[in-house]
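Using the working numbering, the first residue of the sequence shown is number 1426, and each one after it goes up by one. Don't be surprised by glycine CBs; every beta carbon is placed ideally from N, CA and C. Since the structure is predicted, the reported quantities are computational estimates derived from the model, not experimental observations.
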Amino acid sequence: MPARTLRAIGLMSGTSLDGVDAAWIETDGEHVFHFGPAAMLRYQDDLRADLRRLLDLAPGLSPDDRFLQRVEERLTRDHALAVSMTGRAADVIGFHGQTILHAPEAHRTWQIGDAVLLAHITRIPVVHDFRSADVAAGGQGAPFAPLFHAALAAALPKPLLVVNIGGVANITWLGAGGEIIACDTGPGNGPLDDLAQRHLGKPYDENGAFAASGQVDEARLGLLLGHPYFARPAPKSLDRLTFSALIAQAIEGLPPADAAATLAAFCATAIGRAPLPAPPLRVLVGGGGRHNAHLMQLLAAQFPVPVQPVEAAGWDGDALEAQCFAFLAVRSLRGLPLSLPSTTGVPEPMPGGRLQRPTL
1426 MPARTLRAIG
1436 LMSGTSLDGV
1446 DAAWIETDGE
1456 HVFHFGPAAM
1466 LRYQDDLRAD
1476 LRRLLDLAPG
1486 LSPDDRFLQR
1496 VEERLTRDHA
1506 LAVSMTGRAA
1516 DVIGFHGQTI
1526 LHAPEAHRTW
1536 QIGDAVLLAH
1546 ITRIPVVHDF
1556 RSADVAAGGQ
1566 GAPFAPLFHA
1576 ALAAALPKPL
1586 LVVNIGGVAN
1596 ITWLGAGGEI
1606 IACDTGPGNG
1616 PLDDLAQRHL
1626 GKPYDENGAF
1636 AASGQVDEAR
1646 LGLLLGHPYF
1656 ARPAPKSLDR
1666 LTFSALIAQA
1676 IEGLPPADAA
1686 ATLAAFCATA
1696 IGRAPLPAPP
1706 LRVLVGGGGR
1716 HNAHLMQLLA
1726 AQFPVPVQPV
1736 EAAGWDGDAL
1746 EAQCFAFLAV
1756 RSLRGLPLSL
1766 PSTTGVPEPM
1776 PGGRLQRPTL
């Protein structure tokens, strides 16, 4: 009997902290049959600032911290509003939540968001807590998009490299024989956004113009690329703040534009140096970083093949991660794996996620 097709809304709030994406799809958890509306709700400045503060506080926070609970409620209500913005009914919601701590070496990953409240407001069952089972089993708990990338790319020539540049950058390498390999490559937009907020008073460096106006400090770039993370084999994953101390050291005393140029080069070079079994025929780029013209130019210099935004393959780069968690929610309901040994280092293909039904 064929698997049942479900209507699913995925929700994703990434480490760039800019807002929540919502996307509607029809899927059986193995194929995507229809793509529906997508929406993006930008966080208000005070919520974004509070979320950024939580990243710094998270290692010492307990779940009953009052500040954390207030932020979590506001975050969840914004997610419920994003669900309504799709304008579609759904059978299930895939609720990733907001990562405030990711430390797989300590078997910890923490995504905040109140699934009980979200299910109550929307009156739709919610699948949440996607990463914990993977991390508890010894996996990295990230990246979690590779199986979705593989489903989307089923008919595309391979080897294919899919790059996501959010707060952290990661890759999915898809081989001609069905191989799927993934890892976080290094910082993405996160440090660049922090720099833009500090020196430009803007949430991000539009089109990378600020970074493009500076000069890369090659010695400091070398210091950044000497971080021990890059000597580790894949699969491997990062917290948004993994490189914070080293970045602060590396850009100290640099003119702000040169610091931005050096951090952009760091992101692109780390992606270009990612360990791949074979060179790709094509590179597709998703995440907010694909809107950064300077970063895309730097990335194109890393590969002797076309480097294109995912829209070149007919994908919606703004909705991709939200669509992914809609897809994973249905996989979770079916008990299918969400991660693989070759994507997160988990010992065996690992199902995950927890189901929260609406309360009366």
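For residue 1485, the three-state DSSP class (helix, strand or coil) = Residue mapping note: residue 1485 aligns to position 60 of the sequence shown, counting from 1. Looking at residue 1485 - three-state DSSP - the assignment turns out to be helix.
message = So for residue 1565, helix, strand or coil by DSSP?
response = The residue given as residue 1565 occupies position 140 in the sequence shown. Coil at residue 1565, not helix or strand.
message = I'd like the ranges of any beta strand (DSSP E) spanning at least 3 consecutive residues and lying wholly in the segment 1561 to 1624.
response = 1585 to 1590, 1593 to 1599, 1605 to 1612
ask   = Okay, do the segment 1546 to 1560 and the segment 1506 to 1519 touch, 3+ Cβ pairs below 8 Å being the bar?
value = yes
query = If we count Cβ pairs, one from each stretch, closer than 8 Å, do we get three or more for the segment 1726 to 1743 versus the segment 1704 to 1715?
reply = yes
request  = Please work out which residues of its chain come closer than 8 Å, Cβ to Cβ, to residue 1426, disregarding the five sequence neighbours upstream and downstream, and give them in chain order.
outcome  = On the sequence shown, residue 1426 is found 1 positions in, with the first residue counted as 1. Confidence at residue 1426 is low in this model, with a pLDDT of 44, below 50, so its placement is unreliable and the value that follows should be read with caution. Correct list: empty, nothing qualifies.
task = Go to residue 1541, then tell me how far its beta strand (DSSP E) extends in each direction, as first and last residue.
result = For the purposes of this step, residue 1541 is taken as residue 116 along the sequence shown, with counting starting at 1. Premise fails: residue 1541 lies in the alpha helix (DSSP H), 1540 to 1547, not in any beta strand (DSSP E).
query = Who are the Cβ neighbours of residue 1747 in its own chain at under 7 Å, not counting the five residues just before and after it?
reply = Here residue 1747 is taken as the residue at index 322 of the sequence shown, counted from 1. For residue 1747, where only same-chain residues beyond five positions count, the Cβ hits under 7 Å are 1435, 1436, 1437, 1446, 1447, 1448, 1463.
message = At 4 residues or longer, what runs of the alpha helix (DSSP H) sit wholly inside the segment 1456 to 1505?
response = 1470 to 1482
request  = Give the single residue among 1783, 1784, 1754, 1782 whose Cα lies nearest to the Cα of residue 1556.
outcome  = Locating residue 1556 in the sequence shown gives position 131, where the first residue counts as 1. The shortest Cα separation from residue 1556 among 1783, 1784, 1754, 1782 belongs to 1754.
key: Per-residue DSSP class, three states only, for residue 1645   = For the purposes of this step, residue 1645 is identified with residue 220 of the sequence shown, where counting begins at 1. Residue 1645 falls in the helix class under three-state DSSP.
task = Could you check which residue in 1579, 1610, 1784 has the C-alpha nearest to that of residue 1602?
result = Position 177 of the sequence shown holds residue 1602. Nearest C-alpha to residue 1602: 1579.
message = Using CA atoms only, rank isn't needed, just tell me which of 1444, 1702, 1713, 1762 is closest to residue 1584.
response = For this step, residue 1584 is matched to residue 159 along the sequence shown. For residue 1584, the nearest C-alpha among the options comes from 1702.
key: Strand pairing of residue 1779, partner residues [DSSP]   = Walking along the sequence shown from the start, residue 1779 turns up at place 354. The partner list for residue 1779 (beta bridge, DSSP) reads 1553.
task = Please state whether DSSP places residue 1773 in a helix, a strand or coil.
result = Numbered from 1 along the sequence shown, position 348 holds the residue referred to as residue 1773. Residue 1773: coil per DSSP, three-state reduction.
Per DSSP, cross-strand counterpart(s) of residue 1446 = For the purposes of this step, residue 1446 is taken as residue 21 along the sequence shown, with counting starting at 1. DSSP lists 1437, 1465 as partners of residue 1446.
query = From what residue to what residue does the alpha helix (DSSP H) around residue 1681 run?
reply = For the purposes of this step, residue 1681 is identified with residue 256 of the sequence shown, where counting begins at 1. Unbroken alpha helix (DSSP H) run through residue 1681: 1681 to 1697.
task = Starting from residue 1451, follow its DSSP beta bridges and name the residues at the other end.
result = To locate residue 1451, count along the sequence shown from 1; it is residue 26. Answer is 1432, 1459, bridged to residue 1451.
For residue 1750, the first and last residue of its enclosing alpha helix (DSSP H) = Position 325 of the sequence shown holds residue 1750. 1745 to 1759 is the span of the alpha helix (DSSP H), which, as asked, contains residue 1750.
ask   = Is it buried or exposed for residue 1391, if we count other Cβ within 10 angstroms and need 16 for buried?
value = This structure does not reach residue 1391, given that the chain is present from 1426 up to 1785, and the question cannot be answered.
inquiry  = For the alpha helix (DSSP H) containing residue 1719, name the first residue and the last one.
reply    = Sequence index remark: in the sequence shown, residue 1719 carries index 294 (1-based). Segment 1718 to 1725, the alpha helix (DSSP H) holding residue 1719.
Residue 1528: first and last residue of the uninterrupted alpha helix (DSSP H) it sits in = Taking the first residue of the sequence shown as position 1, residue 1528 is located at position 103. Counting along the chain, residue 1528 falls outside any alpha helix (DSSP H), though it belongs to the beta strand (DSSP E) covering 1517 to 1528.
query = Roughly how many angstroms separate the alpha carbons of residue 1773 and residue 1724, rounded to a whole number?
reply = For this step, residue 1773 is matched to residue 348 along the sequence shown. For this step, residue 1724 is matched to residue 299 along the sequence shown. The straight-line gap from Cα to Cα measures roughly 33 Å.
message = If you measure between the beta carbons of residue 1540 and residue 1520, is that distance less than 7 Å?
response = For this step, residue 1540 is matched to residue 115 along the sequence shown. For this step, residue 1520 is matched to residue 95 along the sequence shown. Yes, these two residues count as a Cβ contact at 7 Å.
Enclosing beta strand (DSSP E) for residue 1733 [first to last residue] = Taking the sequence shown and counting its residues from 1, the one referred to as residue 1733 is at position 308. Element bounds for residue 1733: 1732 to 1734.
inquiry  = On the DSSP letters alone, give me the boundaries of the alpha helix (DSSP H) that residue 1709 sits inside.
reply    = If you number the sequence shown from 1, residue 1709 lands on position 284. From DSSP, residue 1709 is part of no alpha helix (DSSP H) but of the beta strand (DSSP E) over 1707 to 1711.
task = Taking residue 1616 and residue 1594 to be in contact with their CB atoms under 8 Å, please state how far apart those CB atoms are, rounded to whole angstroms.
result = In the sequence shown, residue 1616 corresponds to position 191, counting from 1. In the sequence shown, residue 1594 corresponds to position 169, counting from 1. Not quite, the Cβ-Cβ distance comes to about 11 Å (not below 8 Å), so this is no contact.
inquiry  = Taking only three categories from DSSP, how would you classify residue 1415?
reply    = Summary: the structure shown does not reach residue 1415, with the chain confined to residues 1426 through 1785, and so no result is reported for it.
key: DSSP-derived helix/strand/coil call for residue 1764   = Against the sequence shown, residue 1764 aligns to sequence position 339. Three-state result, residue 1764: strand.
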